[in-house]
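Here this note's numbering is used: the first residue of the sequence shown is 3, the next is one more, and so on. Here's the structure, in structure tokens; my notes come after.
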Amino acid sequence: MILKVKVIPNSKEEKIYQENGIYKIKLKKPALEGRANLELIKFLSKEFTIKKGNIKILKGEKTRDKIIEINEL
């Protein structure tokens, strides 16, 4: 499964919602030294109840707009 997401770091809460076909994900961690990316993978792992190794950032490692691949087994 491929997801288009927009990450919103430094949020007060962690949540996911959909707006105009794009998933917006609020994370508490800052976008500093890849912390938000790690938190994103951890968050999606819990949300979809899959292993972190099955989630990959295909595009957008250094931007807020990302394309995520989720391999479901």
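All C-beta atoms, glycine included, are put in the ideal place defined by N, C-alpha and C.
- In terms of Cβ geometry, I59 and K68 form a close pair [threshold 8 Å].
- An exposed status is given to N22, since fewer than 16 other beta-carbon atoms sit within 10 Å of its beta-carbon.
- Non-local C-beta neighbours of K31 in its own chain, meaning closer than 7 Å and more than five positions away in sequence, comprise P11, R37, A38, E41, ordered along the chain.
- Distance check between E35 and each of L5, I72, K64 places K64 closest, using alpha-carbon atoms only.
- Take I57, set aside five residues on each side of it, and the residues of its chain with a beta-carbon closer than 7 Å to its own are I43, L46, S47, I70, I72, in chain order.
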